[in-house]
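Read left to right, the sequence shown gives residues 214 to 663 (our numbering). Worksheet: the structure to be examined is printed underneath.
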Amino acid sequence: MKHRFAFLLLTLCLLSPLYAEEGAEGLCMDIPETLYSYEVLSGQSRVLLKLRPFDKDGEKRKKKGSFRVVDLSTGKTCWEKDIDFSTDSVKALKQGILYVGYAFSSYQQCTCLFDAETGNQRYTIAATPVYIAAETDIMLAYDTKDNSKLTAYRISTGRKLWETDYGYQRDRLWEGSMLLDKNLLLTFASDTRLINLLTGGFTSYKLNRRAQGTSLFTAATTAHFCSNVMDDGRLLWLSDNKRLVCLDRDLKRIWQHNYDKNPPSTSLLYNSGDTLYVLNGGFIYSKEGKKGEGRAFYAAYNPQNGHQLFCDLLPEAWNKKEWGEVLQFATEPLYTNHRNPQQMTLLWGGGHAWPLVDAKGNVVLADAMLTPMATFTRNQVYHKVASYRHYAIMASLDGTECCIVDNTSMIVGRLDAPQTWVLAGDYIVKKNNNHLIFIPFQTVLGKKER
């Protein structure tokens with residue numbers, strides 16, 4: 214027997230009800246000690262297991278292991294191959310198992326696609342992927358021998374679609390990316406570039422890189438630039454450390470607002486429709502201390518013409534006992550059902566209050582002078598953790614509550630012990646003691662889907 218690991222004991226078992234009135238069946242799988250991670254293939258009843266044993270001391274994972282595909286309808290192992298996790302990687306896609314590494318080719322590095330059912334190698338290309346869009350069956354990769362050439366391939370067949378000289382090396386390109394629609398990809402590095410995924414054509418817009426270190430506010434950014442990107446389907450808004458800009462879908466500038474001579478740090482942008490809000494962290498902090506001379510500010514602009522509506526400087530000091538040493542700005546949409554227990558609503562939809570996370574992890578709505586206006590505990594605030602078709606799974610920030618929400622934000626179901634659940638492909642996976650239980654999402658929805 215080729216397998217170096219213990220055979221997985223797979224049996225069908227009955228789950229405790231997800232809802233008070235319903236039960237669900239799923240595949241119950243013993244978790245082997247060597248399990249490193251797993252991925253469910255989208256649209257298929259198969260799971261990819263990454264198996265990586267511990268060293269003799271039982272403290273660190275070994276470099277070498279294997280990856281195995283298991284059929285969730287029968288519990289049987291389909292196939293298994295060895296892998297060196299220190300240099301190679303595998304990913305479960307609806308097209309099959311995508312491998313990137315050195316083991317299956319004489320090339321310096323290659324990309325292979327294995328059939329999920331049989332393990333047969335469909336193709337091998339001498340390229341390193343930098344962007345994978347499984348839904349549209351497109352993979353962008355750099356040629357192994359010429360790392361300035363960016364090439365698009367069909368993931369399912371390995372067929373080359375187009376090739377372009379992107380102008381700089383692969384290690385400079387993919388600091389971040391954002392899909393604007395299924396055919397337009399925004400990438401970030403020494404400049405901002407918009408790639409047409411169908412043709413390979415691209416346009417560029419130069420932006421300044423931000424200083425190293427962390428800011429007063431820990432704001433989520435796209436790549437290593439100074440802001441997130443707002444997109445309304447027609448225009449884009451983003452910021453570097455010198456200016457706020459509005460661009461069209463061809464990256465042509467519509468308007469620009471220059472900041473003061475002292476460059477600020479990370480900005481977080483929010484577009485409410487008629488107003489573009491900007492919260493900036495001001496001073497840059499690093500291990501050496503404070504850098505730069507910027508001041509944290511809160512401002513609003515007309516999103517169409519860039520006219521500044523107001524700009525308030527934030528205080529340099531605050532109540533550290535209440536807020537903690539560094540304020541954390543809530544950088545993702547947050548929801549609450551305190552108004553209606555059966556429906557989720559945005560905690561904040563723009564305006565003159567900002568959600569901040571205090572030292573205890575609670576969410577506080579504060580004004581521009583950091584005066585608390587409302588406080589929500591971690592179990593009262595939810596964030597989106599996964600989506601399936603037109604449903605979303607939302608979990609409370611403390612991980613004690615989890616619910617399924619439809620496209621009208623109505624709560625259609627709840628999951629017990631939410632910290633043990635993960636949405637993987639078309640399955641909800643529950644960790645129960647030493648077992649993984651795979652339940653089709655359709656089964657979880659039950660009568661509500663029908």
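For every residue, glycine included, the Cβ atom is placed at its ideal position computed from N, Cα and C.
A distance below 7 Å between beta-carbons, with the five flanking residues on each side excluded, links Asp284 to the following residues of its chain, in chain order: Ser258, Arg259 and Cys291.
Per DSSP, Thr656 is one residue of the alpha helix (DSSP H) stretching across Phe654 to Leu658.
Here the alpha carbons of Tyr490 and Ala346 stand approximately 31 Å from one another. Going by DSSP, His596 is part of the beta strand (DSSP E) stretching over Tyr595 to Tyr601.
Annotated as proximal: Phe327 and Gly309, with beta-carbon spacing under 8 Å. Check the Cα spacing between Gln321 and each of Ile338, Lys307, Thr588 and Glu330: the tightest is with Ile338. Taking C-beta atoms as the reference points, Leu560 and Leu547 count as a pair closer than 8 Å. Relative to Leu636, the option among Cys615, His648 and Lys304 whose CA is nearest is Cys615. According to the DSSP assignment, Gly626 belongs to the beta strand (DSSP E) that extends over Ile624 to Arg627.
Put simply, of Tyr418, Leu397, Asn493 and Arg281 the residue whose alpha carbon is nearest the alpha carbon of Asn441 is Asn493. The three-state secondary structure of Thr349, taken from DSSP, is helix. By the neighbour-count criterion, in which a residue is buried when 16 or more other Cβ atoms sit within 10 angstroms of its Cβ, Ser299 is exposed. For Met586, the enclosing beta strand (DSSP E) stretches over residues Pro585 to Phe589.
For Leu407, the closest alpha carbon among the candidates Leu374, Leu449, Arg372 and Thr370 is that of Leu449. In the displayed model, Trp561 falls within coil according to three-state DSSP, outside both helix and strand.
Here Ala340 is buried: its Cβ has 16 or more other Cβ atoms, across all protein chains shown, within 10 Å. Per the DSSP secondary-structure output, Ala339 pairs with nothing in a beta bridge. Taking the Cα positions, Leu240 is about 23 Å away from Val303. Scanning Asp463, Leu392 and Asn645 for the CA closest to the CA of Ile244 turns up Asn645. In the DSSP assignment, Ser480 falls within the unbroken beta strand (DSSP E) covering Ser480 to Asn484. Contact between Tyr595 and Met557 holds: CB atoms are separated by about 6 Å, below the 8 Å threshold.
Per DSSP, reduced to three states, the secondary structure at Gly278 is strand. Counting along the chain, Arg259 sits inside the beta strand (DSSP E) bounded by residues Arg259 to Leu264. Note: Asp461 is bridge-paired with Leu448 in the DSSP secondary-structure output. Residue pairing for Cys615: DSSP places it in a beta bridge opposite Ala608. Assignment of Asn471 by DSSP, reduced to helix, strand and coil, places it in the strand class. DSSP, reduced to helix, strand and coil, places Leu254 outside both helices and strands of the structure shown, so it counts as coil. Per DSSP, the unbroken beta strand (DSSP E) holding Arg406 starts and ends at Thr405 to Asn409. It is roughly 11 Å from the alpha-carbon of Leu464 to the alpha-carbon of Arg447. In this structure, Leu649 and Met242 form a Cβ contact; the two beta carbons are roughly 5 Å apart against a cut-off of 8 Å.
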